[in-house]
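A.B. asks: What the sequence shown shows, in mature numbering (1 follows the signal peptide of the UniProt record, and there is no 0), is residues -23 to -1, 1 to 156, in sequence order.
Quick reminder that beta carbons are idealized off the backbone N, C-alpha and C, glycines included.
Quick caveat: nothing in here was measured; it's all calculated off a predicted structure.
For reference, the structure I am asking about is given below.
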Amino acid sequence: MRIRLLTVALAGLALTACGTASAPTSTENGPAITWSDHVCEVVRAGGVRLAQLPAVDPSAPAKAKDSLVTYLGSLSAALTDLANGITREGVPPVRDGQATLDRAMATLTSNRTSVDRAKEKLAAAPVTDQATFDAAVQNASTAFANLGTAEGPTKDLKDNPELAQAFGKAPNCRNLDGA
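Dropping the structure here:
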């Protein structure tokens, strides 16, 4: 009797050990983690470009203007590349993935439009007309400030609970500030 009981207990223990492999939990969405990891790599690369600020010499307004216009162009290109990179990953494999992606893309488009308008106004503003030039610089400053306070596309993406969980588990996302 004891041997039979011991055999049953050992068999149960063996089955339990086999059932506790490191397989993903039922709440873990592997494809969403992979998708998030790729998106965070795109965001990281864009952030590197956005952090390269121009040298602006206020004593040389024409050069300062040129530097700012060039930087705004680079900023717009970085936002375009970011949007293209996220789009390349496709719809996130989560519930309401398309709606979540659409919100993130709308935020990126709005930010890029703001930067493009600021660039156009600054490029058109003559440095000899102080009031017009100051207004254009102020408009560019507002565009920079809006980008600085925006949490970026990851905020819109992480508003989806499944993606928020995936972002928390994706290695490239853990290495992003504010992701």
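So the alpha helix (DSSP H) GLN75 belongs to, where does it begin and stop?
C.D. replies: On the sequence shown, residue 75 is found 98 positions in, with the first residue counted as 1. 74 to 101 is the extent of the alpha helix (DSSP H) around GLN75.
A.B. asks: Of all the options THR119, ALA95, ALA117, CYS150, which has the alpha carbon lying nearest to the alpha carbon of PRO130?
C.D. replies: As a position in the sequence shown, residue 130 is number 153, starting the count at 1. Here the closest residue by C-alpha is CYS150.
A.B. asks: Going by DSSP in three states, ALA(-3) sits in which element: helix, strand or coil?
C.D. replies: Position 21 of the sequence shown, counting from 1, holds the residue named residue -3. Caution is warranted here: a pLDDT of 33 is assigned to ALA(-3), below 50, making its placement in the model unreliable, and the coordinate value is therefore given only provisionally. Reduced to three states, the DSSP call for ALA(-3) is coil.
A.B. asks: For the candidate residues LYS146, THR47, PRO8, whose alpha-carbon lies nearest to that of ARG72?
C.D. replies: Numbered from 1 along the sequence shown, position 95 holds the residue referred to as residue 72. Ranking the options by Cα distance to ARG72, first place goes to PRO8.
A.B. asks: Could you tell me if GLU5 is buried or exposed, where buried requires 16 or more neighbouring beta carbons within 10 angstroms of its beta carbon?
C.D. replies: As a working note, residue 5 is residue 28 in the sequence shown. Under this definition GLU5 is an exposed residue.
A.B. asks: How about LEU124 and VAL46: are their beta carbons less than 9 Å apart?
C.D. replies: Position 147 of the sequence shown holds residue 124. Position 69 of the sequence shown holds residue 46. For LEU124 and VAL46, no; Cβs fall outside 9 Å.
A.B. asks: By alpha-carbon positions, which one of PRO35, SER53, ALA32, PRO69 ends up nearest to VAL92?
C.D. replies: Here the question's residue 92 lines up with position 115 in the sequence shown. When only C-alpha atoms are compared, the closest one is SER53.
A.B. asks: For the 8 Å Cβ check, are there 3 or more pairs between the segment 65 to 82 and the segment 112 to 123?
C.D. replies: At 8 Å Cβ cutoff, the stretches do not touch.
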